[in-house]
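Residue numbers for the sequence shown follow this note's numbering, so the first one is 3 and each next one is one higher.
Even for Gly, the Cβ is constructed at its ideal location relative to N, Cα and C.
First the structure, in the form of structure tokens, and then the observations on it.
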Amino acid sequence: MLKLFRYLRPFAAPIALVLGLTFLTALAELYLPTLMAGIINVGVVRGDLLYILRFGGIMLAVTLADAACSIFASWFSAKVGMGYGRDLRRIVFERVELFSLHEFDRIGTPSLITRTTNDITQVQNFAMVVMRMMIMAPLLAIGGVIMAVQLESKLTWVLAVAIPVIAAIIILVASRGLPLFRAIQAKIDRINLVMREGLTGVRVVRAFDRLDHERKRFDEANLDLTAASITVNRLMALLFPLLMLVMNLTSLTILWFGAKLIDMGGMQIGSLMAFIQYAMQIMFAVLMVSFLFIMLPRASASAGRIHEVLALEPGIRDSEGARSAEEERGFIEFRNVTFSYPGAEEPAVRGISFSARPGEVTAIIGGTGAGKSTLVNLIPRFYDVDSGAILVDGVDIREMPQERLRTKLGFVPQRAVLFNDTIAANIRYGKDDATDTEVARAAEIAQATEFVLAMTEGFQSMVAQGGTNLSGGQKQRLAVARALVRKPEIYVFDDTFSALDFKTDAALRAALKEETADATVLIVAQRVNTILDADRIIVLDDGVVVGTGTHRELVRTCQVYREIVASQLTEEALA
Ligand SMILES: Nc1ncnc2c1ncn2[C@@H]1O[C@H](COP(=O)(O)OP(=O)(O)O)[C@@H](O)[C@H]1O
Ligand SMILES: [Mg+2]
């Protein structure tokens, strides 16, 4: 929690203002009962109208000043709180953007989202409340006691009894409530998870007719949260009447004994009323402090979750003195590369060595789960290798600035990712300053023009969130256009063509061939058809290379490749 308060530093000035203003408010509130006591004791008792008017005027002025200070304090504290939240969100977001996929795997995307939204809101609210109460509560409590004792020392014992009773009640309730508050936070996480899965997987849920199952799962999480919330609220519902009871009993006691004192001539009416007001102020101050303590665990749990994100070092960083290779263009070499996913028992790829040259097409083929995607994901450093090295233009990619590496790459991932923006903007994602002609040309090569122009607003049509208004093949073609517009030295297509029909696949590859003639092209494929004329085919099986060569060579030498070819030939023959 304290670590996060560091980011409050830019707000030093407004915070000082809030503290100063609340200080003034507290002073005013401490002064008012004494003023009132004076008016009653002196003015009313003596029937001195002038006295009443004079001090009444002062009271009015103090009250107005009090109100003004209080309003400004609220205003500034809201400003600080919101600004603080905004800064925290920005800091967390910027941090997350540096993460490699390792860190995403570790914390989990839904949790990262909750942390940037809900958790930051908790911390922000807490900071706001602390700012207001930090000065108010101690001042009212201590000042109240001093003023009350000064006014009438014979009644202080009532306070000495009432305050411990209130404190005891709060401690009792809080110690039962706090674990529940924490449990509720976890249950909210659970609801988020179930909800998210239900929404993103809605097609699967419907197709497999699992609506009832999902509904039950949600109901369970929902009822769980409801039950916990009800328990907490029951406890809280008990707290307030109990506190009011104690407060009212305190007033009653003060009145009872005060009345006797007045009867004996040992006290004045005004003092008695002021004393009661001070007693209330003191008890409210105790309440405020206890609220802080109730909020604290929740906020500190959130702060811990945020700090965890900020403290997580991005696993992949530019090394000192990163070298950039200027001489060669797009030459890739894998040297005995082995990589395992965190927590996996076996490496996903093992001992991979090969090189890919500009002007050549290198294809990677293999069954599902063979490690094809893993292999190509190592090139943009989504993950770093465990042993061995990947060299681009003769430089280990770990020693190259990431930006330099990534400008060399046009990467089309297996699952095309589109953003909720126009088609043109999605293609321009590959190159910010691409002209309309460049965008149109990239779309033309990617065989996307036809379906884009068929949409109502052409290139200005919106892509729905997650690209749901496009088919899988259409999304893939836009992703290809995005890579093309970049004119990179290296193209990586991860299973890009399997979502396309044979005709589009052929047309796209023919157009690509011209465009990428001088570039290094890596194609991950399922269909032998797609890669027949590749300069080099690498056959992956279970994470290892079992064959390298052209189609002709492999058919002769590689058993696994022969099996793949055989299975697809029969499929085609049947089709
Ligand atoms: N993010 C991940 N975390 C852990 N294991 C993974 C992850 N992605 C893939 N794998 C595992 O790595 C292996 C290779 O997967 P992948 O490279 O996607 O295969 P392919 O693209 O050839 O179908 C599989 O056994 C898969 O279970
Ligand atoms: Mg794959």
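Does the Cβ-Cβ distance between residue i and residue j come in under 8 Å?
i, j, result
"residue 455", "residue 465", "no"
"residue 247", "residue 179", "no"
"residue 19", "residue 71", "no"
"residue 488", "residue 432", "yes"
"residue 227", "residue 271", "no"
"residue 503", "residue 526", "no"
"residue 545", "residue 351", "yes"
"residue 566", "residue 365", "no"
"residue 523", "residue 414", "no"
"residue 252", "residue 160", "yes"
"residue 234", "residue 190", "no"
"residue 562", "residue 547", "no"
"residue 157", "residue 286", "no"
"residue 420", "residue 383", "no"
"residue 483", "residue 519", "no"
"residue 264", "residue 281", "no"
"residue 342", "residue 176", "no"
"residue 283", "residue 31", "yes"
"residue 93", "residue 9", "yes"
Given residue i, which residues of its chain have a CB within under 6 Å of its CB, disregarding the five upstream and five downstream residues?
i, result
"residue 449", "479, 506, 509, 510"
"residue 447", "486, 513, 517"
"residue 336", "354, 355, 356, 392"
"residue 457", "463"
"residue 79", "20, 130, 133, 134"
"residue 126", "83, 86, 87"
"residue 531", "none"
"residue 302", "3"
Quick check: what's the CA-CA separation for residue i versus residue j?
i, j, result
"residue 34", "residue 275", "12 Å"
"residue 288", "residue 139", "7 Å"
"residue 49", "residue 260", "23 Å"
"residue 499", "residue 375", "14 Å"
"residue 344", "residue 104", "7 Å"
"residue 296", "residue 167", "18 Å"
"residue 243", "residue 171", "11 Å"
"residue 386", "residue 564", "32 Å"
"residue 21", "residue 412", "54 Å"
"residue 400", "residue 307", "30 Å"
"residue 195", "residue 112", "7 Å"
"residue 461", "residue 208", "32 Å"
"residue 388", "residue 339", "8 Å"
"residue 188", "residue 405", "38 Å"
"residue 477", "residue 426", "13 Å"
"residue 571", "residue 95", "49 Å"
"residue 29", "residue 268", "28 Å"
"residue 89", "residue 229", "35 Å"
"residue 183", "residue 101", "31 Å"
"residue 314", "residue 417", "27 Å"
"residue 124", "residue 294", "13 Å"
"residue 6", "residue 305", "7 Å"
"residue 232", "residue 149", "41 Å"
"residue 136", "residue 75", "13 Å"
Go through its chain and collect everything with a Cβ distance to residue i's Cβ below 7 Å, but skip five positions before and after it.
i, result
"residue 91", "118, 122"
"residue 97", "311, 312"
"residue 410", "332, 394, 490, 491, 492"
"residue 533", "365, 367, 525, 527, 539"
"residue 16", "78, 81, 82"
Closer than 8 Å by C-beta to residue i: which residues in its own chain qualify, once you throw out the five before and the five after it? Chain order, please.
i, result
"residue 61", "34, 37, 38, 41"
"residue 369", "543, 566"
"residue 43", "270, 271, 272, 273"
Legend entry - Contained alpha helix (DSSP H) runs [length at least 4] in the region 426-483, N- to C-terminal order: Counting whole runs of 4 or more residues, the region 426-483 contains the alpha helix (DSSP H) stretches 438-447, 451-456.
Legend entry - In chain order, each alpha helix (DSSP H) run of at least 4 residues that lies wholly inside the region 168-224: Listed in chain order, they are 204-209.
Legend entry - Segments of 3+ residues assigned as beta strand (DSSP E) that fall wholly inside the region 49-87: Runs of the beta strand (DSSP E) inside the region 49-87: none found.
Inset, instruction - Taking 6 Å as the limit, tell me which residues put their C-beta closer than that to any heavy atom of ligand 1, in chain order. - result: That gives 107, 343, 346, 350, 368, 370, 371, 372, 373, 374, 375, 376.
Inset, instruction - Quick one: which unbroken beta strand (DSSP E) runs of 3-plus residues sit fully inside the region 476-537? Chain order, please. - result: Considered as a whole, the region 476-537 harbours 492-496, 522-527 as its complete beta strand (DSSP E) runs of no fewer than 3 residues, in chain order.
Inset, instruction - Could you pull out every unbroken alpha helix (DSSP H) segment of at least 4 residues lying fully inside the region 270-320, listed in chain order? - result: Complete alpha helix (DSSP H) runs here, min 4: 271-313.
Inset, instruction - Kindly provide the ranges of any beta strand (DSSP E) runs that are 3 or more residues long and lie completely inside the region 332-386, ordered along the chain. - result: Taken in chain order, the complete beta strand (DSSP E) segments of 3 or more residues contained in the region 332-386 are 334-341, 351-358, 363-367.
Inset, instruction - Let me know the alpha helix (DSSP H) ranges lying completely inside the region 82-118, each 4 residues or longer, listed in chain order. - result: DSSP assignment within the region 82-118 yields the following whole alpha helix (DSSP H) runs of 4 residues or more, N-terminal first: 103-109, 111-116.
Legend entry - Length-filtered (3 minimum) beta strand (DSSP E) runs lying within the region 536-566: As far as the region 536-566 is concerned, its whole beta strand (DSSP E) runs of at least 3 residues are 538-543, 546-551.
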